[in-house]
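A.B. asks: Structure below; questions to follow.
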Amino acid sequence: MDIGELLAFKPEQTPKRPHEDEDDDFEVEPSQKRSGDEKTKRMRRIAEAKESANYGKQAGGSSASGGGSAFEFDPELTEEERLNILKYVENEEADGDVLDEQSLKKLILVFEKRNLKNQEMRIKFADSPDKFMESEVELHNVIQELKGVATVPDLYPLLVELHGLHSLLELLAHQNTDIAVAVVDLLQEVTDVDILGESQEGAEALIDALRKEQICALLVQNLERLNEKVKEEADGVHNTLAIVENLTEIDSEFVGEAAEQGLLAWILKRLRGKSPFDPNKLYCSEILSILVQTENENRLLLGSLDGVDVLLQQLAVYKRHDPSSNEEQEFMQNLFNCLCSALMARENRDRFLSGEGLQLMNLMLREKKMSRNGSLKVLDHAMAGQDGRDNCNKFVEILGLRTIFPLFMKTPKRNKQRLISADEHEEHVTSVIASMLRNCKGTHRQRLLAKFTENDHEKVDRLLELHLKYLVKVEAIDKEIDQQAKDPSIDEDEEAENNYIKRLTGGLFTLQRIDYILLEVSSTSETVKQRVLQILNLRGASMKTIRSIMREYAGNLGDGDTDWREQEQNHILSLVDRF
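Residue numbers for the sequence shown follow our numbering, beginning at 4 and rising by one.
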């Protein structure tokens with residue numbers, strides 16, 4: 004068909020949607036009667052634009068210049084004009100039938116009819132699947148059509164009001180998992196964060212309705228029966244996790260609700276299985292990380308479900324073997340992050356200790372595989388604060404000092420496989436040593452202190468080298484803060500807090516750990532103290548700087564337990580006075 008014939012073509016009648024015949028109780032609106040004429044006009048515009056856009060590419064302008072076209076085109080189009088026209092055409096072709104209020108009502112009515120018909124056919128022909136299969140296909144098709152509502156979030160309140168959402172959620176328990184997976188796919192689209200951002204009213208209506216229906220519990224019940232060996236059902240699992248991710252991003256309260264309604268238990272069960280690594284396993288680790296990152300109740304729940312053991316078992320694989328892909332490497336890092344979050348709950352520190360988590364982390368540090376970075380971070384979390392006392396003493400018992408001090412003396416070079424930076428490495432190593440100095444007692448503490456006097460005080464020299472390195476970093480940040488313009492929109496207290504956080508992330512946090520170690524070891528050994536003074540004088544540095552840093556540290560200890568904070572402040576200030 005040439006361009007003239009294409010433009011002269013007029014369809015006899017606008018094709019009906021597949022379900023229009025069965026819905027005679029709806030009148031055809033004038034807008035639908037006009038759709039044939041509009042389609043012809045649109046085809047004319049598209050053909051005209053395409054012909055002009057492609058004109059310059061035709062050798063000698065064969066068909067256009069031969070008079071066969073109903074239009075004459077300007078051959079002097081620039082490349083930019085051609086691109087603009089093609090872009091216009093693409094946008095025109097992308098414009099499908101957008102749902103409006105009336106068409107959504109009609110679609111929901113069709114959906115309800117087909118849902119009811121399918122239920123009736125399943126009851127009537129329970130033993131003859133071939134007789135209810137057609138109704139199932141029709142139901143599946145209308146669920147696919149309902150995806151159109153995801154492009155118009157302003158219609159979400161109507162979807163809720165007409166009980167369409169309620170009926171869809173009921174189908175998550177449908178006997179045919181294809182139907183349930185189709186609903187999951189639809190829910191994943193309607194909860195998309197970007198879509199919900201377009202309509203606050205629509206988002207609120209949808210979120211409130213999903214919360215009342217206990218969406219997370221329904222999703223978990225469906226997850227329990229999906230077989231991931233079937234591709235469509237594996238995709239259903241992935242989309243289910245995507246729904247949870249969307250909901251937690253929109254409303255943080257879903258983080259607690261999802262865990263309570265069974266998702267945390269399902270994820271641990273999924274991770275515990277001996278299935279090979281796959282995208283769903285990676286996604287499970289990401290969702291688990293979200294669930295335990297901020298909610299202490301979820302950390303405790305994870306512990307009560309043997310989650311610490313599950314994480315340790317999964318990580319043990321990487322003791323002597325590196326992940327085989329970037330995705331698996333991300334999975335391993337997610338597991339380490341989950342373990343770090345879990346260890347923020349005191350009860351999980353005991354589970355980590357009894358589950359021989361320290362021994363596994365120590366082995367990982369010695370093996371020098373990619374897992375070394377994560378294991379160092381986990382040790383830092385396991386041994387920090389007053390709740391880390393048992394882990395600190397145990398680490399000395401299992402000869403952990405032989406592992407940690409070589410890492411303290413020499414920071415490993417960063418390369419493609421060692422993703423942790425030198426600063427992060429030094430932060431974790433100094434934090435582990437500082438925690439042991441604070442928590443270890445008796446012979447364990449003596450063994451630790453002896454490390455700083457051996458080999459002609461080489462570890463004291465290293466401490467001062469790190470002190471000077473991080474002091475330069477902090478001074479640079481302080482200079483930057485002094486030069487920055489004041490923001491009139493925030494008060495002085497908020498500005499001071501923001502600046503302190505900026506200094507902590509810029510190197511002050513590590514400097515505080517280094518100087519704490521200096522004070523602890525200097526207070527117990529006169530030879531160490533003399534060595535510190537000697538090097539400070541040689542490098543033109545001052546003891547006053549160390550005292551000032553530690554006084555500031557004592558004044559900014561975290562919230563936590565009031566008695567512990569007061570005790571810690573007094574301990575630090577007494578070390579400063581003795582220095």
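Each residue gets a CB set at the ideal place from its N, CA and C atoms; glycine is no exception.
For D254 and K380, what's the separation of their Cα atoms in angstroms?
C.D. replies: Cα to Cα, the separation comes out at about 29 angstroms.
A.B. asks: Can you tell me which of N283, T446, S278, T508 puts its alpha carbon nearest to the alpha carbon of E235?
C.D. replies: Per the Cα distances, N283.
A.B. asks: Is the separation between the beta-carbon of H384 and that of M439 shorter than 8 angstroms?
C.D. replies: The answer is no: Cβ separation not under 8 angstroms.
A.B. asks: Just reading off the alpha helix (DSSP H) that G391 is part of, what are its end residues?
C.D. replies: Per DSSP, G391 belongs to no alpha helix (DSSP H) and is neither H nor E.
A.B. asks: Is there contact between the region 124-139 and the region 187-207, where contact requires at least three CB pairs shorter than 8 angstroms?
C.D. replies: No: fewer than three Cβ pairs fall under 8 angstroms.
A.B. asks: Assess contact between the region 199-216 and the region 150-167, defined as three or more Cβ pairs (one per stretch) separated by less than 8 angstroms. Is contact present?
C.D. replies: As far as the Cβ criterion goes, the region 199-216 touches the region 150-167, which means the pair count is three or higher.
A.B. asks: Could you tell me how far apart the beta carbons of L222 and Y286 are, in whole angstroms, since I believe they sit closer than 8 angstroms?
C.D. replies: That pair is no contact at about 14 angstroms.
A.B. asks: Give me the Cβ distance between I436 and I520, rounded to the nearest whole Å; I'm assuming they're in contact under 8 angstroms.
C.D. replies: That belief holds up - the Cβ atoms of I436 and I520 are roughly 6 angstroms apart, short of 8 angstroms.
A.B. asks: State the Cα-Cα distance for the pair S72 and V145, rounded to the nearest angstrom.
C.D. replies: In this predicted model, S72 has a pLDDT of only 38, less than 50, meaning its place in the structure is not dependable; the value taken from the coordinates is given anyway. Those two C-alpha atoms are separated by around 42 angstroms.
A.B. asks: Under 8 angstroms, do L304 and A262 count as touching if we go by C-beta distance?
C.D. replies: Closer than 8 angstroms, so yes.
A.B. asks: Only counting the same chain, and skipping five residues up and downstream in sequence, which positions put a Cβ closer than 7 angstroms to that of Q317?
C.D. replies: So the qualifying residues of the chain are L274, L338.
A.B. asks: By the DSSP assignment, the alpha helix (DSSP H) with H460 in it spans what residues?
C.D. replies: Segment 457-486, the alpha helix (DSSP H) holding H460.
A.B. asks: Note down the Cα distance separating V313 from I480, rounded to an integer number of angstroms.
C.D. replies: Rounded to whole angstroms, V313 to I480 spans 42 angstroms at the Cα level.
A.B. asks: Give the secondary structure of F114 by DSSP, where H, G and I count as helix, E and B as strand, and everything else as coil.
C.D. replies: In this structure, F114 counts as helix in the three-state DSSP scheme.
A.B. asks: Return yes when at least one heavy atom of the ligand ZN lies under 7 angstroms from the C-beta of K234, else no.
C.D. replies: As presented, the structure is devoid of all ligands, the ligand ZN included, so that no description of it is given.
A.B. asks: Pick out the complete alpha helix (DSSP H) segments inside the region 256-316, 4 residues or longer, and give them in chain order.
C.D. replies: 256-263, 266-275, 282-296, 299-307, all fully within the region 256-316.
A.B. asks: Out of Q389, M412, L356, state which residue places its alpha-carbon closest to the alpha-carbon of F398.
C.D. replies: Answer by Cα proximity: L356.
A.B. asks: A387 by DSSP, collapsed to three states: which one?
C.D. replies: Here A387 sits in coil by DSSP.
A.B. asks: Taking the straight line between their C-alpha atoms, what separation do you get for V463 and L541?
C.D. replies: One C-alpha to the other measures close to 14 angstroms.
A.B. asks: L539 to G391, Cα distance in whole Å?
C.D. replies: Spanning the two alpha carbons is a distance of roughly 32 angstroms.
A.B. asks: Between T456 and V531, how many whole angstroms is the CB-CB distance? I'm expecting something under 8 angstroms.
C.D. replies: With a Cβ gap of about 7 angstroms, T456 and V531 count as contacting.
A.B. asks: According to DSSP, simplified to helix, strand and coil, what is A348?
C.D. replies: In this structure, A348 counts as coil in the three-state DSSP scheme.
A.B. asks: Name the two residues that bound the continuous alpha helix (DSSP H) containing H241.
C.D. replies: Unbroken alpha helix (DSSP H) run through H241: 234-253.
A.B. asks: Just to confirm, is the Cβ distance from D325 to K372 under 8 angstroms?
C.D. replies: Their beta carbons are under 8 angstroms apart, which means D325 touches K372 by this criterion.
A.B. asks: Since I436 is in the alpha helix (DSSP H), which residue starts that stretch and which ends it?
C.D. replies: Residues 425-442.
A.B. asks: Spatial neighbours of I517 within its chain, please: CB distance less than 7 angstroms, with the 5 preceding and 5 following residues excluded, ordered by chain position.
C.D. replies: Once the five neighbours on either side are set aside, the close Cβ partners of I517 are T433, L466, L469, H470, Y473.
A.B. asks: Measuring CA to CA, which of M124, W567, F334 is closest to R441?
C.D. replies: Answer by Cα proximity: W567.
A.B. asks: Can you list, in chain order, the residues of its chain whose CB lies under 8 angstroms from that of H241, leaving out five sequence neighbours each side?
C.D. replies: Cβ within range, chain order: P282, N283, Y286.
A.B. asks: Which residue wins for smallest C-alpha separation from L578, given the options M546, E478, G561?
C.D. replies: The option with the nearest alpha carbon to L578 is M546.
A.B. asks: Excluding sequence positions up to five away, which residues of its chain have a Cβ less than 7 angstroms from the Cβ of L315?
C.D. replies: The answer, listed in chain order, is G358, G360, L363.
A.B. asks: Can you tell me which of Y503, I549, D130, R352 puts its alpha carbon nearest to the alpha carbon of G561?
C.D. replies: Among Y503, I549, D130, R352, the Cα nearest to that of G561 belongs to Y503.
A.B. asks: Within 10 Å of its beta-carbon, does I126 have 16 or more other beta-carbons around it, so buried, or fewer, so exposed?
C.D. replies: I126 is exposed by the Cβ-count criterion.
A.B. asks: Based on Cα-Cα distance, which residue from K116, G200, Q203 lies nearest to L171?
C.D. replies: Cα-wise, what sits closest to L171 is K116.
A.B. asks: Taking the alpha helix (DSSP H) that K532 falls in, what are its first and last residues?
C.D. replies: Counting along the chain, the alpha helix (DSSP H) containing K532 begins and ends at 529-541.
A.B. asks: Helix, strand or coil: how does DSSP classify E508 here?
C.D. replies: For the sequence presented, residue 508 should be read as Thr rather than Glu. Looking at T508 - three-state DSSP - the assignment turns out to be helix.
A.B. asks: From what residue to what residue does the alpha helix (DSSP H) around N144 run?
C.D. replies: From DSSP, the alpha helix (DSSP H) with N144 extends over 132-148.
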